[in-house]
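Quick note on numbering that gives the first Met the number 0: the sequence shown kicks off at 0 and runs consecutively.
Cβ atoms here follow ideal geometry from the backbone N, Cα and C, with glycine treated the same way.
Source: prediction; values computed, not measured.
A short write-up of the structure that comes next.
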Amino acid sequence: MRFTGISSLVLLAAGAVQAASSWSFDDGSVSISSKKAAGEATKEKFGPKSPLETPITLNAQDTLTVSLTAKDSGKAKRPHQAFLLLKDESGLEAPFPLSVKDSGKAKVQITQKDIPVQFLVSPEPVHATVIIGSFGSAQGVIADVFDVDIKQDSNAPAPVVPSILRYGKKPQIHHIFREETKYPYKVFSIFFVLVIAATLPVLLVGWFGFLGANLSSLPKALGAAPLSHATFFGSILAIEFVYFLYHRGLPLGHILLPVAVLGTTTVLSGMKALGEVQSRRLAGQR
């Protein structure tokens with residue numbers, strides 16, 4: 000019974016130690032070095048529970064360096080994740096991963112070129128937080144360590160903040176794939192129809208009065224090639240009717256096949272019909 004009690008105490012103690020296991024860091028420091036100012040960089044120390052009270056000033060030519068030693072339950076160790084998180088008053092965050100060695104020593108360097116442009120124009124200092132974590136039951140650490148006051152170069156143009164791309168519901172789009180067909184005014188259509196119709200009497204007068212058209216040869220022509228003449232004249236009228244339907248609103252795709260068929264018919268029948276007319280002309284008949 001005494002052995003069983005001791006075993007229970009050992010198990011409880013082991014569970015308490017495991018539950019108390021957590022990540023932390025030591026030797027935290029931040030330094031600012033400038034390309035313009037020669038000499039040793041200004042360095043200040045911080046800890047998980049002792050952040051810097053005054054903001055760190057980061058000028059345009061400065062480099063901010065953060066170094067620390069990550070520890071798991073007091074032992075220096077390399078975590079799976081360690082980064083410095085910058086966050087402004089609007090909640091925008093920018094993580095900067097720390098380069099960590101097996102000994103737990105971590106380091107990261109940041110310049111204004113690495114910082115989002117929204118932070119560069121922020122009127123308030125940016126908050127810096129160290130975040131360390133890993134797999135397993137060990138509790139990670141999230142510690143606010145210092146603030147960064149970003150100063151712009153007065154001689155350089157002010158950075159331009161790009162427009163924010165927000166994902167969400169967009170206004171409804173009404174697609175118009177084809178505008179409705181617009182016909183001319185009826186008065187214009189009637190006018191041009193009358194003009195065309197007025198030319199028909201002139202054509203008939205010129206045909207019979209001046210060109211010597213002879214309708215007496217019509218029975219002979221129809222007797223020699225009735226199918227050719229009828230098909231030729233009918234196909235021409237059919238093509239004109241298709242064009243009329245097109246101008247009345249029939250889609251273009253619907254007239255292509257009929258026009259192709261009627262056009263072929265007109266050519267084939269016209270060769271036979273006009274050949275018959277030519278034979279009569281050569282024989283001296285009109």
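If you draw a straight line from the Cα of L261 to the Cα of E178, it is about 30 Å long. In the structure shown, T264 falls within a helical segment according to DSSP collapsed to helix, strand and coil. Within its own chain, the residues whose Cβ lies closer than 8 Å to the Cβ of L119, once the five positions on either side in sequence are excluded, are Q111, I149, Q151, P158, listed in chain order. Here DSSP, grouped into helix, strand and coil, assigns Q108 to strand.
Per DSSP, the unbroken alpha helix (DSSP H) holding H246 starts and ends at 225–246. Nearest to D87 by C-alpha distance, out of P122, P250, L97, G73, is P122.
A direct Cα-to-Cα measurement between H126 and K169 gives close to 34 Å.
Straight across, the Cα-Cα distance linking T64 with S162 is about 30 Å. The region 241–249 and the region 269–282 do not touch, with fewer than 3 CB-CB distances between them shorter than 8 Å.
T53 carries a coil assignment under DSSP once its states are collapsed to helix, strand and coil.
Below 8 Å, too few C-beta pairs join the region 77–85 and the region 42–60 to call them touching: fewer than three.
Residues A69, K70, G103 of the same chain have their beta carbon placed closer than 7 Å to that of K76, with the five preceding and five following residues left out of the count. The region 224–237 makes contact with the region 261–272; the number of CB pairs closer than 8 Å reaches 3 or more. Residue environment: S227 is assigned as buried (16 or more neighbouring CB atoms within 10 Å of its CB, all protein chains considered). With fewer than 16 other CB atoms across the displayed protein chains lying within 10 angstroms of its CB, G90 is exposed.
DSSP places P122 in the coil class of the three-state scheme, outside both helix and strand.
With contacts defined by Cβ atoms closer than 8 Å, S66 and S28 form a contacting pair. Rounded to the nearest angstrom, the gap between the Cα atoms of Y242 and L236 is 10 Å. Note on W22: 16 or more other CB atoms within 10 angstroms of its CB, so buried under the neighbour-count rule. As a beta-bridge residue in DSSP terms, W22 pairs with D71.
Take E43, set aside five residues on each side of it, and the residues of its chain with a beta-carbon closer than 8 Å to its own are S28, V29, S30, L51, I55, F145, in chain order.
One Cα belongs to P94, the other to I175, and the distance between them is close to 46 Å. Taking K100 as the centre and dropping the five residues before and after it, the same chain places the C-beta of R77 closer than 8 Å to its C-beta, in chain order.
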